[in-house]
Ligand code: NAD
C-alpha cells in the first residue's frame, strides 16, 4: 500500500506516529493509499525545520525569492498533467477541472512574484523639522496553512505563494483526504531552488492542527475549511497570540431577474451548481428566480439541461462531473436530499441511486434539483456541499436581495439581469463578500482579494491580493532624525509633528 509521505526539511518522511488514514480513489470507491497522521512532536520538527530555514530565505532579497517562485511556476506547468491526474484520482473532480484548480493557484504565485514592488513601504520626507518617516514590511517568521480537500492545489498555492514571497517559511497541513498534490508541490519548490525547510508539508488531523496553533514559533495561521472548524481555529489562534485568517463554508445564491437571458442563466447555473459535484466553496446552491413566470421557465430549462449531464469517471473526457470525495460525503448529501423531501420541498430531480457503468463502488451522487425551497428548511439553511441545487422563489427584487443578505453565510452571490440600475443596487446593498453580475462564480482574480463575510470568514484580511501580503507581513515604522538635530540637546517633550 502506497504511503503518502510528509515532506520535511527537503525530504520525504514516513513519520512514526503509527496512526494512518485511508486515502480513496472516489471513482473506484477503493483505498488507493494511506496517509500518516503526525504527532505533536513531528509537527514540532517541521516547525523547527522552517525556523532553521528562515534566516537564509528571508535574507534573500525579494527579487531573488521571486525568481525562485517563477521557476516553481515553470516546474508546476511542466508537471501539470501528472499533478492534475493525481488530483483527479484523489479528489474526484474531472481532469480539466483539476487543471483549473492548479492554474488558479499558479496565478497567485505569479502575482506574489511581484513582491519587490508589493513589499515597498511608505516614505514621508520632512514629517517634522529634519525628520523623515518610513515604513517597511517584514516577514513574520514561520507561518502555517491548514487547507481543505476541495482545492488541494489552489488553496495551498494561494497561501504558500504569498507567504513565501514575503520571506516567511511555511508548514502546510493539507487535507488528509487528498494529500499527494501538496507534497509534489513542495518537492517542486525544492527543485526550483527553495532551501530545504522553506516549505514543509505535514499530514494530520486535530492533533497536528492543535500542535501548530500551540507552538509559539508559528506566527500566523491561514485556514480554509468548514465554518465550525474555522471558527474554533480562529479563537484558538487568538488565544495563543497568533494572527489568523480563517475561511469557512458557504451557501451561495444566484438571483435571476425577469429581464435576464434565461437560457444563459440556466447554462451558468448548471456549471456553477454541478461542476466539481458542487464541492466548491463558490458553487451556487440556491437559485432565486424573481416572479413565478421566471421561476417556471427557469425550472424547465434546468430540467432539460440536467437530463443531458454526464456523471462519470474523473479522467473520462465525456464526464461533466465526477464522484463526491468520500462515502461519508455521499451519505451526508443523500441524507440532506431525504430531509428536503421530508421538510416539504418539491424534489424535481433526484440524484440518489446514480450509477456509472464499470464503477459500482464509486461515490456517485447525481445532479439533484429542488423547487419551492423555503428559508426554514435545512437544505436552505445548511451547506450541503454536493450536486444539489435549490430553487427558492422570490416574489420581487427586494425579497431576492433579502435572501442572501439575511443568510448565515456570506461567501459569494450573483445576479443575472440586463438592467444596470438593478445590478448596481444589488452589488451595493447585498450583505455578501464576493458578488457576480452575470457571472455565476465570481472568484476574484489573483491581484484582487478573496474572502467571504459573516459565517464564511473570520479575520479582517482576505486571501491573496494585497491583503495576502498584509496578512503575512508586519509593518515596521522608522522615524529618523540626523545628527544636526542632536546638537540642539535632548528634548523631553513629545514631538508634535510640525
Ligand atoms: P474541513 O473543515 O473538514 O477540513 C479543513 C481542514 O481542517 C483540513 O486540513 C482538516 O484536516 C482540518 N480539520 C478537520 N477537522 C479538524 C478539527 N476538528 N480540528 C482541527 N482541524 C481539523 O473542511 P473540508 O471538508 O476539507 O472542506 C470543505 C469545506 O471548506 C466546505 O465547508 C467549504 O465551503 C469550505 N471551503 C471554504 C473556502 C473559502 O474560501 N471560504 C474555500 C474552500 C473550501
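In the numbering used here, the protein residues as written are -15 to 482.
From the three backbone atoms N, C-alpha and C, an ideal C-beta is built for every residue, glycine too.
Cβ-based burial, residue i [other Cβ within 10 Å; buried from 16]
{"i": "residue 165", "result": "buried"}
{"i": "residue 217", "result": "buried"}
{"i": "residue 288", "result": "exposed"}
{"i": "residue 267", "result": "buried"}
{"i": "residue 221", "result": "buried"}
{"i": "residue 451", "result": "buried"}
{"i": "residue 107", "result": "exposed"}
{"i": "residue 296", "result": "buried"}
{"i": "residue 357", "result": "buried"}
{"i": "residue 86", "result": "buried"}
{"i": "residue 226", "result": "buried"}
{"i": "residue 110", "result": "exposed"}
{"i": "residue 254", "result": "buried"}
{"i": "residue 65", "result": "exposed"}
{"i": "residue 119", "result": "exposed"}
{"i": "residue 429", "result": "exposed"}
{"i": "residue 79", "result": "buried"}
{"i": "residue 61", "result": "exposed"}
{"i": "residue 88", "result": "buried"}
{"i": "residue 33", "result": "buried"}
{"i": "residue 348", "result": "buried"}
{"i": "residue 404", "result": "exposed"}
{"i": "residue 335", "result": "buried"}
Beta-carbon contacts of residue i that lie in its chain and below 6 Å, excluding the five residues immediately before and after
{"i": "residue 343", "result": "11"}
{"i": "residue 390", "result": "none"}
{"i": "residue 281", "result": "246"}
{"i": "residue 152", "result": "123, 124, 127, 456"}
{"i": "residue 262", "result": "370, 371"}
{"i": "residue 82", "result": "68, 71, 72"}
{"i": "residue 293", "result": "304, 351"}
{"i": "residue 436", "result": "394, 395, 417"}
{"i": "residue 441", "result": "231, 435"}
{"i": "residue 205", "result": "128, 221, 226, 228"}
{"i": "residue 46", "result": "99, 100, 103"}
{"i": "residue 445", "result": "229, 451, 454, 455"}
Neighbourhood of residue i by C-beta distance below 7 Å, restricted to the same chain and skipping five residues each side
{"i": "residue 198", "result": "224"}
{"i": "residue 382", "result": "none"}
{"i": "residue 466", "result": "114"}
{"i": "residue 460", "result": "119, 120, 122"}
Close-in-space but distant-in-sequence residues of the same chain around residue i (CB under 8 Å, 5 per side omitted)
{"i": "residue -11", "result": "-4, -3, -2, -1, 20, 167"}
{"i": "residue 189", "result": "5, 21, 160"}
{"i": "residue 57", "result": "90, 93, 94, 97"}
{"i": "residue 193", "result": "130, 157, 217"}
{"i": "residue 367", "result": "210, 211, 233, 234, 235, 269, 393"}
{"i": "residue 77", "result": "71, 85, 260, 261, 263, 298, 305, 306"}
Residues sharing a beta bridge with residue i, DSSP
{"i": "residue 123", "result": "457"}
{"i": "residue 424", "result": "None, per the DSSP bridge assignment."}
{"i": "residue 205", "result": "128, 228"}
{"i": "residue 418", "result": "396"}
{"i": "residue 437", "result": "394"}
{"i": "residue 375", "result": "271"}
{"i": "residue 8", "result": "15"}
{"i": "residue 155", "result": "128, 184"}
{"i": "residue 462", "result": "118"}
{"i": "residue 236", "result": "268"}
Coil, strand or helix - residue i by DSSP
{"i": "residue 349", "result": "coil"}
{"i": "residue 180", "result": "coil"}
{"i": "residue -4", "result": "strand"}
{"i": "residue -10", "result": "strand"}
{"i": "residue 404", "result": "helix"}
{"i": "residue 77", "result": "coil"}
{"i": "residue 343", "result": "coil"}
{"i": "residue 62", "result": "helix"}
{"i": "residue 298", "result": "coil"}
{"i": "residue 330", "result": "strand"}
{"i": "residue 194", "result": "helix"}
{"i": "residue 467", "result": "helix"}
{"i": "residue 242", "result": "coil"}
{"i": "residue 16", "result": "strand"}
{"i": "residue 118", "result": "strand"}
{"i": "residue 448", "result": "coil"}
{"i": "residue 72", "result": "helix"}
{"i": "residue 443", "result": "coil"}
{"i": "residue 216", "result": "helix"}
{"i": "residue 369", "result": "coil"}
{"i": "residue 355", "result": "strand"}
Min CB distance residue i to chain B below 9 Å
{"i": "residue 344", "result": "The structure shown contains no chain B; it holds only a single protein chain."}
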